[in-house]
Amino acid sequence: MKGGLTVNHTHILIVAGAVVLGVAGFSTAAPTQSEVGVRVFQFRPGQLEVKAGTTVTWTNQDDITHTVTSGTPDQREGRFDRRLDGKGATTTVQFKDPGVYPYFCDKHPSMRGEIRVN
């Protein structure tokens, strides 16, 4: 004890080490993944809300070909247009920017979905 102050060097080292490890161990979380099933002429779920950076995977569970095409049948957006050739076919799209992304099946225009990115 010196001048009414007790210094515990062990605690100082632990706190300093935690700060160094905290900074050295800092990393951004990996983007998440979400899935949409394509079956019985529907996207399931039809509306999906995800965080920016999320990769969405569509899996065709029907025996016929579908597409995942950005926009609407009346107004294609051109961001993506992917074929799902039969049962088990998959495709992925990463959504980096916040916004609302409608999509549909080019072969079956009544099939529509929407990805909301926040």
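Sequence positions in the sequence shown follow this note's numbering and run 5 to 122. In this text, a Cβ means the ideal position worked out from N, Cα and C, and glycines have one as well. Being a predicted model, the structure only gives us computed values, none of them experimental.
Inter-residue distance for Asp-101 and Val-44 is about 30 Å (C-alpha atoms, whole angstroms).
With respect to the 7 Å criterion, Thr-61 and Thr-96 are classified as neighbours on the basis of their beta carbons. Residue range 70-76 is occupied by the beta strand (DSSP E) that includes Thr-71.
Looking only at Ser-38, Ala-56, Gly-57 and Thr-59, the smallest Cα-Cα distance to Pro-49 is reached by Ser-38.
Within the stretch 56-119, no complete alpha helix (DSSP H) segment of 4 residues or longer occurs. Distances from the alpha-carbon of Tyr-107 to those of Gln-65, Asp-89, Gly-92 and Gln-79 put Gln-79 closest. Counting C-beta atoms within 10 angstroms of its own C-beta, Ile-119 has 16 or more neighbours from the protein chains shown and is therefore classed as buried. Taking Gln-98 as the centre and dropping the five residues before and after it, the same chain places the C-beta of Thr-59 closer than 6 Å to its C-beta, in chain order.
In the three-state reduction of the DSSP assignment, Gly-50 falls in the coil class, being assigned neither a helical nor a strand state. Just measuring C-alpha positions, the residue of Pro-113, Glu-81 and Asp-66 sitting nearest Asp-89 is Asp-66. Under DSSP, Val-44 shares a beta bridge with no residue.
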